[in-house]
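Residue numbers (this note's numbering): 64 to 496.
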Amino acid sequence: MEPIPIDGAVNMNVNAVEPLGDGDQSPPTLPCTVEELSIYGWINNNDLCTFWYRCRPWLAKRDVHLYHLVDCGPRTCPSILWLCPPVNHSAPPPYARCLPSCSYGPLLRHPRRGLASAQDHANRNLFLKIIEKGSSEHEINRHLLQQQFVTKEREAFPCVLAPAAILDTPTDCSFLVMPMWGSPIQLERMQRVRDIVQFMRCTLCGLSYLHELRIVHRDICDQNIVVNCHNPGAKLEEFSEILSQHWQDGDVTYAFIDFDQSLQLPQDTSIVDCRRSAEETAFGMNINKPSDGNLGEPIYNPFSYDVASLGFLFRHYFSEAVPALPGMAALFDRMTDYCPSRRMTAQEALRWFEDMVAQQSPACLDTNVTLERSFHAMGDDGFYWSKLSMEEQLRWGPYRTPPRPLWRRLLSWIASTDIGWIVLLRVREFLQI
64 MEPIPIDGAV NMNVNAVEPL GDGDQSPPTL PCTVEELSIY GWINNNDLCT
114 FWYRCRPWLA KRDVHLYHLV DCGPRTCPSI LWLCPPVNHS APPPYARCLP
164 SCSYGPLLRH PRRGLASAQD HANRNLFLKI IEKGSSEHEI NRHLLQQQFV
214 TKEREAFPCV LAPAAILDTP TDCSFLVMPM WGSPIQLERM QRVRDIVQFM
264 RCTLCGLSYL HELRIVHRDI CDQNIVVNCH NPGAKLEEFS EILSQHWQDG
314 DVTYAFIDFD QSLQLPQDTS IVDCRRSAEE TAFGMNINKP SDGNLGEPIY
364 NPFSYDVASL GFLFRHYFSE AVPALPGMAA LFDRMTDYCP SRRMTAQEAL
414 RWFEDMVAQQ SPACLDTNVT LERSFHAMGD DGFYWSKLSM EEQLRWGPYR
464 TPPRPLWRRL LSWIASTDIG WIVLLRVREF LQI
């Protein structure tokens, strides 16, 4: 096989591996477990690239055509990359707009552990992820895929990105085939209230849809939200310009992805009264985690936990926009109240938000804002309330989170030490309070 010249470099031996002959044969066995894929350094990159190359005929038989693997590094330091195809087509949701970058050429994407890039017969870009067959992530994505036939009857896209296909293999792994959308969104670059409103509307809509299906995400962060535009080979700085243009063009949609930490509960589960072990709050490492479980509580409400996580994401990025849209301060507090039972549900927050936005003038929505990420806003609600005039504070004050009572501050002090935390945890678990 002749090497493919890319910017003066050639592809390495991995592209010389002969693929399996017939697409009807089973794909090769993964050279590690699915769990080990996420451990850096566990699997040799050449072995994984060989695996993807040998999967090519089997995937192509199912209309998933992998990008070509090439080596663009020197022979002493190979750098294996996916070569982006020259033809990329846009499509409406659940697919995305493919926008040109400033310097289109032999654009490349770095392969990541367990992830691959591909296209279908219509040159729509796809994203592949290896997942464990039968896992919660596998079952949730299968349910979302089945729900696509139902949601097509809706007027609007549900703002949750369902897979284009799930390809099961005879082994314990499956290929999750996703439409390729854009990430990272870089929320702090938004410049108009209208853009912020659209992001909040989409994420509230998406969370409402998930909770309607009794799916709790449990890992809500900006990395797990994508936008309906992309360029498969654009560099990070180029994607920033592409995204800015997309915001100006309108027709922007955001969607939740990544359900590897999610749960699906029975459909008759009450969103308000659901209670599960608070040990589950230890999962996930993102900065938007609410304090549920931090005072030794034995149980928590996972739906309320999701709402608070999204609320803290709003507080982190959009606190500087509160003067332009004062009702956001009230929404922030109703989503992130330290008392879970006082929080709005996702459906309530969406309705409240839509009613609030409907009262705003076009001039208000077109107001320019300068955003800054604020950790202060996540820990102190007074940070964004202080940006409002006294008149606005009085208007929206009934929605404000009340000060923490003395007993909560006392428990927080006890939990701040190792011994205090252990005692508090065991006492509350014994008393179930």
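For glycine and all other residues, C-beta sits at the position ideal for the given N, C-alpha and C.
**Item:** the ligand PLP heavy atom lying under 8 Å from the CB of A421
**Value:** The ligand content of the structure shown is nil, which means the ligand PLP is not present either.
**Request:** Give the range of the alpha helix (DSSP H) segment to which Y447 is assigned.
**Result:** Working through the sequence shown from its first residue, we reach residue 447 at position 384. For Y447, the uninterrupted alpha helix (DSSP H) run begins and ends at 445-448, by DSSP.
**Prompt:** Nearest to S89 by alpha carbon, out of S479, P233, P226, F377?
**Reply:** Working through the sequence shown from its first residue, we reach residue 89 at position 26. Nearest to S89 by C-alpha distance, out of S479, P233, P226, F377, is P233.
**Message:** Only counting the same chain, and skipping five residues up and downstream in sequence, which positions put a Cβ closer than 6 Å to that of L83?
**Reply:** Here residue 83 corresponds to residue number 20 of the sequence shown, with the count starting at 1. Residue placement at L83 is poorly supported in this model, since its pLDDT is 42, which falls under 50; the coordinates still yield a value, given next. The beta carbon of L83 sits closer than 6 Å to the beta carbons of R117, P120 from its chain, once the five residues preceding and following it are set aside; these are given in chain order.
**Request:** Could you name each continuous beta strand (DSSP E) segment of 3 residues or more that falls completely within the segment 219-252, going from the start of the chain to the end?
**Result:** You should have 228-231, 236-242.
**For H152, the three-state DSSP class (helix, strand or coil)** = Stepping through the sequence shown from its first residue, residue 152 is reached at position 89. It is coil, neither helix nor strand.
**Prompt:** Just the Cα atoms here: how many angstroms apart are Q410 and T113?
**Reply:** Position 347 of the sequence shown, counted from the start, is the residue given in the question as residue 410. Position 50 of the sequence shown, counted from the start, is the residue given in the question as residue 113. In this model, Q410 and T113 are separated by some 46 Å (Cα to Cα).
**Request:** Give the straight-line distance between the Cα atoms of R405 and D323, rounded to the nearest whole angstrom.
**Result:** Your numbering for residue 405 matches position 342 in the sequence shown. Your numbering for residue 323 matches position 260 in the sequence shown. Between R405 and D323, the alpha-carbon positions lie close to 28 Å from each other.
**Request:** Name the two residues that bound the continuous beta strand (DSSP E) containing V10.
**Result:** Outside the displayed range of the chain (64 to 496) lies residue 10, so it cannot be described from this structure.
**Asked** What's the C-alpha gap between F395 and H152?
**Response** To locate residue 395, count along the sequence shown from 1; it is residue 332. To locate residue 152, count along the sequence shown from 1; it is residue 89. Each residue's alpha carbon lies about 38 Å from the other.
**Message:** I'd like to know if the segment 223-241 and the segment 184-196 are in contact, where contact means that at least 3 CB-CB pairs between them fall below 8 Å.
**Reply:** Output reads yes: the segment 184-196 touches the segment 223-241.
**Request:** Kindly give me the distance between the Cβ atoms of L206 and L276, rounded to whole angstroms, as I take these residues to be in contact under 8 Å.
**Result:** By 1-based counting over the sequence shown, the position of residue 206 is 143. By 1-based counting over the sequence shown, the position of residue 276 is 213. Note that residue 206 is His in the sequence shown here, rather than Leu. Taking 8 Å as the upper bound for CB-CB distance, H206 and L276 are in contact here, some 7 Å apart.
**Cβ neighbour criterion (16 or more within 10 Å) applied to P157** = By one-based count along the sequence shown, residue 157 stands at place 94. Burial call: buried.
**Prompt:** Which stretch, first to last residue, makes up the beta strand (DSSP E) that contains L146?
**Reply:** Against the sequence shown, residue 146 aligns to sequence position 83. Start and end: 143-146.
**Message:** Is the separation between the beta-carbon of P353 and that of S340 shorter than 9 Å?
**Reply:** Looking up residue 353 in the sequence shown gives position 290. Looking up residue 340 in the sequence shown gives position 277. By the CB criterion at 9 Å, P353 and S340 fall outside the cutoff.
**Message:** For the beta strand (DSSP E) containing Y317, name the first residue and the last one.
**Reply:** By 1-based counting over the sequence shown, the position of residue 317 is 254. Counting along the chain, the beta strand (DSSP E) containing Y317 begins and ends at 317-319.
**Request:** Report the partner residues of N188 according to the DSSP bridge assignment.
**Result:** Here residue 188 refers to the residue found at position 125 when the sequence shown is read from its first residue. DSSP output for N188 lists Q182 as bridge partner(s).
**Asked** Hey, which unbroken runs of the beta strand (DSSP E) at 3 residues or more fall wholly within the segment 359-401?
**Response** Inside the segment 359-401, DSSP marks no whole beta strand (DSSP E) run of 3 or more residues.
**Request:** Under the assumption that C222 contacts A318 (Cβ atoms under 8 Å), give the Cβ distance between them as a whole number of angstroms.
**Result:** Sequence index remark: in the sequence shown, residue 222 carries index 159 (1-based). Sequence index remark: in the sequence shown, residue 318 carries index 255 (1-based). The beta carbons of C222 and A318 sit about 5 Å from each other, so the pair counts as a contact at 8 Å.
**Residues near N415 in its chain [Cβ-Cβ closer than 8 Å; skip 5 each side]** = The residue you call residue 415 lines up with position 352 of the sequence shown. The residue you asked about is not Asn; residue 415 is Trp in the sequence shown. Hits under 8 Å: L394, R397, M407.
**Message:** For C161, which residues in the same chain have their Cβ closer than 7 Å to its Cβ, ignoring the five residues on either side in sequence?
**Reply:** Here the question's residue 161 lines up with position 98 in the sequence shown. Scanning its chain for C-beta atoms nearer than 7 Å, with the 5 sequence neighbours on each side dropped, one finds around C161 the residues N151, H152, S153, N188, H293, N294, in chain order.
**Cβ neighbour criterion (16 or more within 10 Å) applied to E200** = As a position in the sequence shown, residue 200 is number 137, starting the count at 1. Buried, because 16 or more other Cβ atoms sit within 10 Å of the Cβ of E200.
**Request:** Give the single residue among K450, L434, V385 whose Cα lies nearest to the Cα of C427.
**Result:** As a working note, residue 427 is residue 364 in the sequence shown. Sorting K450, L434, V385 by C-alpha distance to the C-alpha of C427 places V385 at the top.
**Residues bridged to I193 [DSSP beta-bridge criterion]** = The residue given as residue 193 occupies position 130 in the sequence shown. According to DSSP, I193 bridges with F238.
**Prompt:** Would you say the segment 430-447 touches the segment 248-257, given that touching needs at least three Cβ pairs under 8 Å?
**Reply:** The segment 430-447 is in contact with the segment 248-257.
**Item:** Residue(s) in a DSSP beta bridge with I278
**Value:** Residue mapping note: residue 278 aligns to position 215 of the sequence shown, counting from 1. DSSP lists Q327 as partners of I278.
**Request:** Within its chain, find whatever has a CB closer than 7 Å to the CB of F375; leave out the 5 residues flanking it on each side and keep chain order.
**Result:** As a working mapping, residue 375 is identified with position 312 in the sequence shown. Correct list, in chain order: N351, P353, T399, M441.
**Asked** Do you know whose CA, among F377, F212, K124, lies nearest S437's CA?
**Response** On the sequence shown, position 374 is the one that residue 437 refers to. When the alpha-carbon of S437 is set against those of F377, F212, K124, the nearest one is in F377.
**Asked** To the nearest whole angstrom, what separates the beta carbons of Y447 and L250, a pair I think is in contact under 8 Å?
**Response** The sequence position of residue 447 within the sequence shown is 384, counting from 1. The sequence position of residue 250 within the sequence shown is 187, counting from 1. Incorrect: roughly 16 Å between the Cβ atoms, too far for contact.
**Q423 versus L388 - alpha carbon distance** = Within the sequence shown, numbered from 1, the residue matching residue 423 stands at position 360. Within the sequence shown, numbered from 1, the residue matching residue 388 stands at position 325. Whole-angstrom Cα-Cα distance: 8 Å.
**Request:** Counting only the same chain and skipping the five closest in sequence on each side, list residues whose C-beta sits under 7 Å from that of D285.
**Result:** Against the sequence shown, residue 285 aligns to sequence position 222. Closer than 7 Å at the Cβ level, and outside the excluded window around D285, lie P247, I248, L250, L376.
**Request:** Per DSSP, which residues does H439 bridge with? Please list them.
**Result:** For the purposes of this step, residue 439 is identified with residue 376 of the sequence shown, where counting begins at 1. Paired residues: none, contrary to the question.
**Request:** Would you mind working out which of I278, L299, Q330, Y363 sits nearest D321, comparing C-alpha positions?
**Result:** Residue 321 sits at position 258 when you count from the first residue of the sequence shown. Among I278, L299, Q330, Y363, the Cα nearest to that of D321 belongs to I278.
**Asked** Cα-Cα, which of M263, N204, D235, G245 is closest to A228?
**Response** Taking the first residue of the sequence shown as 1, we reach residue 228 at position 165. Minimum Cα-Cα distance from A228 among the listed residues M263, N204, D235, G245 corresponds to N204.
**Prompt:** First and last residue of the alpha helix (DSSP H) that includes D134?
**Reply:** For this step, residue 134 is matched to residue 71 along the sequence shown. For D134, there is no enclosing alpha helix (DSSP H); the residue is part of the beta strand (DSSP E) that begins and ends at 131-134.
**Prompt:** Taking DSSP as the reference, what is the three-state secondary structure of C161?
**Reply:** Sequence index remark: in the sequence shown, residue 161 carries index 98 (1-based). C161 carries a strand assignment under DSSP once its states are collapsed to helix, strand and coil.
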